[in-house]
Each structure stands twice: as C-alpha cells, then as structure tokens.
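Visitor: In full-length UniProt numbering, the protein residues as written are 1 to 179.
Supplied in structure tokens, the structure appears directly below.
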Amino acid sequence: MVMKYLPFSVIESRWFDEGNDTVKSVFESIASIHCNNSDAFLHHSFSEKNSLKIAFENCSKDKKTEVIYLATHGNSKVIGPDEVDISRTELRNIISKVNTRKTIKGLFLGTCETGNEGIARYLLEDKTTNLEWVAGYNSTIDWIDGTAMDMIFFSKLATQYNKNKTRKKINFLQEKWLI
1 MVMKYLPFSV
11 IESRWFDEGN
21 DTVKSVFESI
31 ASIHCNNSDA
41 FLHHSFSEKN
51 SLKIAFENCS
61 KDKKTEVIYL
71 ATHGNSKVIG
81 PDEVDISRTE
91 LRNIISKVNT
101 RKTIKGLFLG
111 TCETGNEGIA
121 RYLLEDKTTN
131 LEWVAGYNST
141 IDWIDGTAMD
151 MIFFSKLATQ
161 YNKNKTRKKI
171 NFLQEKWLI
C-alpha cells in the first residue's frame, strides 16, 4: 500500500550565501519511493527566529506533519543560518508554544553537533514540548555523509509509518466487520 503523503516536514534555512544547496531533493526521492509523488511532503524555509516559529506553527496545524526535519547550521549550543543564533531555550519555547495539540511527535536535528544527549534531554524532559523523540548528529558531519544517513533514516521511518498505518486499517476492519 502506498502512502498519500509522508508524515514529515522539512524546515530548512539557507546553507550558504552562494548557491542553492538544499535537502529538499532527498525528501523528494523518499516521497517518490513511498508515495509515488515527489511532492508528498511539506518544505518550509526560515531565515531567523520568527520565520522558524511560523514554520513550526504551520507544521503543527497542517494535519499531516508528525516529524520535523530541521535543516540548518548548528553547534553544541545554538542552531541557525549564518549570522543567526537560535538557542536551545528559544527552540524549546517555539516548540512548546506551537505543539499544544501534540501533533508533532518527533524532531530530527539535521544540524551539526546539536543532536547531543544534553539537548535531547532538554527538549524531551520539558513535557510542554509534547515531543516523543529527538534525534540528530552529536558531532560535525560532512554534508554528503549526513545526507546519506538522513535518506536511510527517513526511508526506514516512512516504511514503518506505512506498516503502522496498514496495521491500524486492518485492526479497524477486523473490529468493525469481523468480530
């Protein structure tokens, strides 16, 4: 069974002043494989804290997004595009403010060094974020290597979401018609 859309949204900042690098094509490939539609996911751009908040708000309301892939520069303390620093507290506050309906279940930090245990605990132990999981890179990673890892991770996650969706439909049909 093919999914209609991926339960993932990408929130991405511009990577460099020159060029137009993006992770969008990775998710287009995953969407093509799992949904037969390269546009079967949502992609948002941000350039500073307010546009990041707006992107998270849109994801929390779109009735599709359960996992956000946050793609930007980062280090062990902050995330953000060049010349913009968004602290872990600011990120947590954004998530807490917009995820009140618990629609966003997971956050993948596609940022160097930010996917460390300290930040994961910080985001997860504050129950107001309503996140169930956080993943990412705890060290600097080459863009190509990271992109390959991201593709594997999200392709496997899409497979699992599809299996769970199919299971839920079968259980519903069994409860409704076979019992």
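Think of the CB as a built atom: it goes at the ideal place given N, C-alpha and C, for glycine as much as any other residue.
Quantities reported herein were computed from a predicted structural model and do not represent experimental measurements.
Checking the sheet assignment: what are the DSSP bridge partners for residue 155?
Guide: Residue numbering aside, residue 155 sits at position 155 when the sequence shown is read from its first letter. DSSP lists no partner for residue 155.
Visitor: For residue 124, which residues from the same chain have a beta carbon less than 7 Å from its beta carbon, with the 5 sequence-adjacent residues on both sides left out?
Guide: Here residue 124 refers to the residue found at position 124 of the sequence shown. Around residue 124: 131 and 134.
Visitor: Quick one: what's got a C-beta closer than 8 Å to residue 159's C-beta in the same chain, skipping five residues either side?
Guide: Against the sequence shown, residue 159 aligns to sequence position 159. Within the same chain, residue 159 has close Cβ partners 34.
Visitor: Under a Cβ-count criterion, where at least 16 other Cβ atoms within 10 Å of its own Cβ denotes burial, should residue 16 be classed as buried or exposed?
Guide: If you number the sequence shown from 1, residue 16 lands on position 16. It is exposed - the Cβ of residue 16 has fewer than 16 other Cβ atoms within 10 Å.
Visitor: Report the rounded CA-to-CA distance for residue 11 versus residue 164, giving the unit in angstroms.
Guide: Taking the first residue of the sequence shown as 1, we reach residue 11 at position 11. Taking the first residue of the sequence shown as 1, we reach residue 164 at position 164. Answer to the nearest angstrom: the Cα atoms are 25 Å apart.
Visitor: Would you grab the beta carbon distance between residue 117 and residue 75 for me? Rounded to a whole angstrom, and I think it's under 8 Å.
Guide: Within the sequence shown, the letter at position 117 stands for residue 117. Within the sequence shown, the letter at position 75 stands for residue 75. That pair is no contact at about 15 Å.
Visitor: According to the Cβ coordinates, are residue 41 and residue 28 closer than 9 Å?
Guide: Your numbering for residue 41 matches position 41 in the sequence shown. Your numbering for residue 28 matches position 28 in the sequence shown. Yes, these two residues count as a Cβ contact at 9 Å.
Visitor: Are the beta-carbon atoms of residue 111 and residue 79 separated by less than 9 Å?
Guide: For the purposes of this step, residue 111 is identified with residue 111 of the sequence shown, where counting begins at 1. For the purposes of this step, residue 79 is identified with residue 79 of the sequence shown, where counting begins at 1. For residue 111 and residue 79, yes; Cβs fall inside 9 Å.
Visitor: Assuming contact is defined by CB atoms lying nearer than 9 Å, are residue 46 and residue 108 in contact in what I supplied?
Guide: Numbered from its first residue, the sequence shown carries residue 46 at position 46. Numbered from its first residue, the sequence shown carries residue 108 at position 108. Their beta carbons are not under 9 Å apart, which means residue 46 does not touch residue 108 by this criterion.
Visitor: Considering only residues of the stretch 3-68, which uninterrupted alpha helix (DSSP H) runs meet the minimum length of 4 residues and lie entirely inside it, listed in chain order?
Guide: Qualifying alpha helix (DSSP H) stretches, in chain order: 24-35 and 49-61.
Visitor: What separation, rounded to the nearest whole angstrom, lies between the Cα atoms of residue 172 and residue 162?
Guide: In the sequence shown, residue 172 corresponds to position 172, counting from 1. In the sequence shown, residue 162 corresponds to position 162, counting from 1. The predicted model places residue 172 with a pLDDT of 46, which falls under 50 and marks its position as unreliable; any figure quoted below should be read in that light. Each residue's Cα considered, the two are about 15 Å apart.
Visitor: Sort 3, 129 and 38 by Cα distance to residue 92 and report the nearest one.
Guide: Along the sequence shown, one-based indexing puts residue 92 at 92. If we check each option's Cα against that of residue 92, 129 comes out closest.
Visitor: Please classify residue 179: does DSSP put it in a helix, a strand, or coil?
Guide: Position 179 of the sequence shown, counted from the first residue, corresponds to residue 179. Per-residue confidence for residue 179 stands at a pLDDT of 47, beneath the threshold of 50, marking its modelled position as unreliable; the derived number appears in the next sentence. DSSP places residue 179 in coil when its eight states are reduced to three.
Visitor: Helix, strand or coil for residue 106? Go by DSSP, reduced to three states.
Guide: Numbered from its first residue, the sequence shown carries residue 106 at position 106. Residue 106 falls in the strand class under three-state DSSP.
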